[in-house]
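**Q**
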Amino acid sequence: MKLFRHIVLGAAVLLTHLSSASAADAKLPVVASFSILGDIVANVGGDRIAVTTLVGPDQDAHVFQPAPDHIKSVARAKLVVINGLGFEGWMERVVQSANYRGDIVVASNGIAVRDRVSDEHDAHDGHEGHDHHHGKNDPHAWQNPANIVVYTRNIVAALSKLDPAGASVYQNNGDTYIAKLNELDRWATQQFAQFPDAKRKVITSHDAFEYFGAHYQVKFLAPQGVSTDSEPSAKEVANLIRQIRKEKIRAVFIENMSSPKLLQQISKEAGVSLGGKLYADALSQADGPAPTYLKLMRYNIEQLLAQMKLN
Amino acid sequence: MMLLHDFYQFAIAPFQEFAFMRRALVATLALALSSAPLGVMLTLRRMSLFGEALSHAVLPGVAAGFIFFGLSLPALSIGGFLAGVIVVALAGWISRHTELKEDASLAAVYVVALALGVIMISGHGTQLDLLHILFGNVLGVDTEGLLLVAGVSSLSVLLMAGLYRGLLLESFDPSYLAASGGRNTIYQQLFLMLVVLNLVASFQTLGTLMAVGLMMLPAVSARLWHDTLPAQLVNSTVQAAAAGYAGLMLSYYASVPSGPVIIVCAGGFYFLSLIFAPRGWLPRMLRRPHLRA
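Same order as they appear, the protein sequences are chains C and R. No gaps in the numbering here: position 39 of the first sequence is 241 in the numbering used here, and each next residue is one more. No gaps in the numbering here: position 110 of the second sequence is 1052 in the numbering used here, and each next residue is one more.
1) Go ahead and pull the three-state DSSP assignment for Pro1199 of chain R.
2) At the 7 angstroms Cβ level, is Ser435 of chain C part of the contact set with chain R, yes or no?
3) Can you give, in chain order, each stretch of the alpha helix (DSSP H) that sits fully within the region 456 to 497 of chain C and has at least 4 residues?
4) Distance cutoff 7 angstroms, beta carbons only. Does Leu464 of chain C sit that close to anything in chain R?
5) For a contact meaning CB atoms closer than 7 angstroms, what does Val439 of chain C contact in chain R?
6) Work out the CA separation of Arg964 of chain R and Phe957 of chain R for me, nearest whole Å.
7) Tell me whether the region 945 to 955 of chain R and the region 404 to 422 of chain C touch, counting them as touching only if at least three CB pairs, one residue from each stretch, are closer than 8 angstroms.
8) Rounded to whole angstroms, what is the Cα-Cα separation between Leu1159 of chain R and Gly1059 of chain R?
9) At a CB-CB cut-off below 7 angstroms, which residues of chain C make contact with Gly1186 of chain R?
10) Check each candidate in C:Ile284, C:Pro493, C:Leu464 and C:Ala410 and name the one with the smallest Cα separation from Asp483 of chain C.
11) Which full runs of the alpha helix (DSSP H) of 4+ residues lie inside the region 247 to 301 of chain C, going along the chain?
12) Could you list which residues in chain C have their beta carbon closer than 9 angstroms to that of Leu1190 of chain R, in chain order?
13) Mind checking whether Asn513 of chain C and Lys382 of chain C have CB atoms under 7 angstroms apart?
14) Could you name the residues that DSSP lists as bridge partners for Lys421 of chain C?
15) For chain R, find out if any of its Cβ atoms is closer than 7 angstroms to the Cβ of Glu471 of chain C; answer yes or no.
16) Name the DSSP beta bridge partners of Asn339 of chain C, please?
17) I want to know whether the region 1037 to 1046 of chain R touches the region 492 to 502 of chain C - three or more CB-CB distances under 8 angstroms.
18) Helix or strand or just coil, what does DSSP make of Pro231 of chain C?
19) Distance cutoff 7 angstroms, beta carbons only. Does Gln445 of chain C sit that close to anything in chain R?
20) Could you give the DSSP three-state label for Ile306 of chain C: helix, strand or coil?
21) Ala966 of chain R to Ser1014 of chain R, Cα distance in whole Å?
22) In angstroms, rounded to a whole number, what distance separates the CA positions of Ala508 of chain C and Asn356 of chain C?
23) Check the Cβ-Cβ distances between Val1060 of chain R and every residue of chain C, and say whether any is below 7 angstroms.
24) Can you grab the Cα-Cα spacing for the pair Val1206 of chain R / Leu1192 of chain R, in whole Å?
25) What residues match up with Val454 of chain C in a beta bridge as DSSP calls it?
26) Please identify, using Cβ separations under 9 angstroms, the residues of the region 1198 to 1219 of chain R that lie next to chain C, in order along the chain.
27) Rounded C-beta distance between Tyr1052 of chain R and Ala995 of chain R? I'm assuming under 8 angstroms.
28) Given that Cys1078 of chain R touches chain C, what residues does it touch there, using C-beta distances under 8 angstroms?
29) Give a yes or no on whether the C-beta atoms belonging to Val352 of chain C and Gly312 of chain C are separated by under 7 angstroms.
30) Got a sec, what are the start and stop residues for the alpha helix (DSSP H) Ile167 of chain C sits in?
31) Identify which residue in R:Gly1026, R:Phe1114, R:Leu1089 and R:Leu1001 has its Cα closest to the Cα of Gly1062 of chain R.
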C-alpha cells in the first residue's frame, strides 16, 4: 500500500514537471542581440516570451564571438531582435549558420540616426578618420531614452504580429515601459539643466555617448575611437591632455570595458580625478549597479552629475 | 640660434611638455639596454623565435594572476614569469630526456600553455579583449611599470656582465665548456630566465608586440654590421634606442599608434641594414664582380 502511494506520488510529481515544462515551451522563444536590448524586449514581452541574449552582461559586442549555444538559441527562436546601425556585424553569420528563417526586427528603425564623429583632432588636420570604423552610422542609439521609445514601439509591433493573441498585453506592457522612459527622460533633463553649458563636459575612454550628449547637451571627449580595439597615438593622447588642461574638465570616466591603464595616466597627467564606471554597451551583472536599462541610465546620469559638479 | 630653437621645439619639447612621453621614452630606452643584447644572444643560439613563442606561453600565468588578484602589476608579472619559467624548464627537460630538440619541445609546450590561457580567460566570464587589458601600452606606462622595467633592465645588464664569459663559451662551444668543468646547464637556465624576466616586464608595461620586436629586430640587424659579439651588442642597443625615439616622434607628429610604429622603425633599420650593412646585400654584390665573368 505504501509502495503504491509512492508510485502515485511519483507519477504526480512527474506529471506536474512535464506540464510546467510544456508551459515553459509555450513561451515564445525570442533572441536579442545584446543585454540592453534583451532587457527592453523582456519588458515588452513579459510572461509571454522567453528572451535569450547573445552578448551577455559586461560583455563587449564589438569583439563578440558566437559559440555553439548562441547558434542553437537562434535556431530555436521565433523572433530575432537586433539593434541595427551596424552594431551587430556578426549577426548575419550567426543567422546563416543557425539556418534561421524567421523575422529579424531592427529595433532602431525610425530613429534619427546620427553619424559617427570621427576624431576631432584628425578632422582639424585634414587626415582621414580611422579606417577600422565600418559604416558611418553611430549604433549607440540606446544612450538616448527617447530612442528607446521608438525601440519599444518596434518591438511591440513585431511581437503583436508574431503572436496576435497577446497583442493587447504587448501594447499595455509597451505603454507602461514608455511611461517609465519618459519619466526618466524628464528627470534627466531637469538634472542636467542645473549646470551651465561650460560645465557639461565629460571625458570617457569610449565615445559611445554621442546620442546621449546630443540629447542632453553634454560634450563627451574621448581618447580612443568608437571601436574598443583601436590603439591611440601619442598625438591623440597629447591633444587630449592639452584639451583637458585648457577647458579645465574634471569629469573623467572609465567605461566598463576598455583598458583603464592609459586613461589613468592621462587623468593623472592632466591633474583630474577619475569618476566611476559608465555603462555604455552592456548591462552589469544582476548584482551590479546597472542590471536593467532604466537602472543603467539612472546610474550613468548620477555618476555624470556627481563628477560635473567638480568641473 | 633659430635652428637650435627649431630643433628643440621639434625633438625635445614633446618630452618636456608631457610626462607620458617621458615615461614612454625612458621605458623604451631601458628595454633597449637589456632586451636587445639578450636578443643578440638568442640569435647566436639560433633561438630567434623563442621570444615570440614565450609571448604566448606566459598567458596562463598572467590569466591566473588576473583571476586571483585582479589587475595588479606584481601579480600579473609574477604569474607571467612563473608560467614562462615553467614552460622553458619543461621544454628543456623534454629535450634532455627525449629525442626531441629544444625548439620542437618548446613549440609543443607553448601552444598548450597558450590554449590553457585562452580557456582560463574565457572561463572567467567577460569576453572582452583581455589581451589589451592584461598587457600594457607604451603610452600608458605608470610609475610602477617604469620601476619594473628599470629594475629588470638593471638586473639583466649586471647579470649579463657577470655571466658574459660563460654565456659566450656556451653559445659557441658548449662541449668545451663542459669539458673544462663549466656548468653548462646553469648558464643556459640563468640566461633563459633573464630572457623570460625581460619579456614579462615589457609585456606588462609596453605590450607583447613591443617586447618581442625590440628584443629581436635590432639583434638580427646588428649581426649584419659586425663580426664581433661586443660590437653587435652595442649596435643592437643603439638601434633599439633609436627606433624607440623615432617611433615615439612619429606617433606624436603623424598620429599613428605608438607600439606598432616603434616596431616599424626597428623594421626600417633592419631593412636598411639588409641592404647597406657590411654583411648585407649591396656590399656583397660590389665585392664579387668577378663572379659575373
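Quick reminder that beta carbons are idealized off the backbone N, C-alpha and C, glycines included. Since the model is a prediction, treat every value here as computed from it, not as a measurement.
**A** In this structure, then:
1) In the structure shown, Pro1199 of chain R sits in a strand (DSSP, three-state: E or B).
2) Interface criterion met: the Cβ of Ser435 of chain C is under 7 angstroms from a Cβ in chain R.
3) As far as the region 456 to 497 of chain C is concerned, its whole alpha helix (DSSP H) runs of at least 4 residues are 462 to 472.
4) For Leu464 of chain C, a Cβ of chain R is located within less than 7 angstroms of the residue's own Cβ.
5) For Val439 of chain C, the neighbours in chain R by C-beta distance under 7 angstroms run, in chain order, Phe962 and Leu1081.
6) When rounded, the distance between both Cα atoms is 5 angstroms.
7) As far as the Cβ criterion goes, the region 945 to 955 of chain R does not touch the region 404 to 422 of chain C, which means the pair count is below three.
8) Their backbone Cα atoms lie some 27 angstroms apart in a straight line.
9) Under the 7 angstroms cutoff, chain C gives no residues; its nearest Cβ is about 12 angstroms from Gly1186 of chain R.
10) Out of C:Ile284, C:Pro493, C:Leu464 and C:Ala410, C:Ala410 has the C-alpha closest to the C-alpha of Asp483 of chain C.
11) Segments of the alpha helix (DSSP H) lying fully in the region 247 to 301 of chain C: 270 to 278 and 293 to 300.
12) The answer, in chain order, is Ala436.
13) Inclusion of Asn513 of chain C and Lys382 of chain C in the CB contact set at 7 angstroms is not warranted, their separation being larger than that value.
14) Residue pairing for Lys421 of chain C: DSSP places it in a beta bridge opposite C:Lys403.
15) At a cut-off of 7 angstroms between beta carbons, Glu471 of chain C contacts chain R.
16) Note: Asn339 of chain C sits in a beta bridge opposite C:Asp317.
17) Contact between the region 1037 to 1046 of chain R and the region 492 to 502 of chain C is absent, because fewer than three Cβ pairs lie under 8 angstroms.
18) Pro231 of chain C falls in the strand class under three-state DSSP.
19) Interface annotation, Gln445 of chain C: not in contact with chain R, CB-CB separation never under 7 angstroms.
20) Ile306 of chain C: strand per DSSP, three-state reduction.
21) Taking the straight line from one Cα to the other gives about 20 angstroms.
22) Rounded to whole angstroms, the gap between the alpha carbons of Ala508 of chain C and Asn356 of chain C is 34 angstroms.
23) Judged by the 7 angstroms Cβ criterion, Val1060 of chain R is not in contact with chain C.
24) In a straight line, the C-alpha of Val1206 of chain R is about 10 angstroms away from that of Leu1192 of chain R.
25) C:Ile405 and C:Leu476, per the DSSP bridge assignment.
26) Under the 9 angstroms Cβ criterion, the region 1198 to 1219 of chain R contributes Val1198, Pro1199, Ser1200, Gly1201, Pro1202 and Val1203.
27) With a Cβ gap of about 4 angstroms, Tyr1052 of chain R and Ala995 of chain R count as contacting.
28) According to the sequence displayed, residue 1078 of chain R carries Gly and not Cys. At a C-beta separation below 8 angstroms, Gly1078 of chain R has these neighbours in chain C: Lys463.
29) A contact, by the Cβ cut-off of 7 angstroms.
30) Residue 167 of chain C cannot be examined here, being either before or after the span of chain C that is shown, 203 to 513.
31) Here the sequence assigns Met to residue 1062 of chain R, which means Gly is not the residue at that position. Closest in C-alpha terms to Met1062 of chain R, from the list R:Gly1026, R:Phe1114, R:Leu1089 and R:Leu1001, comes R:Leu1001.
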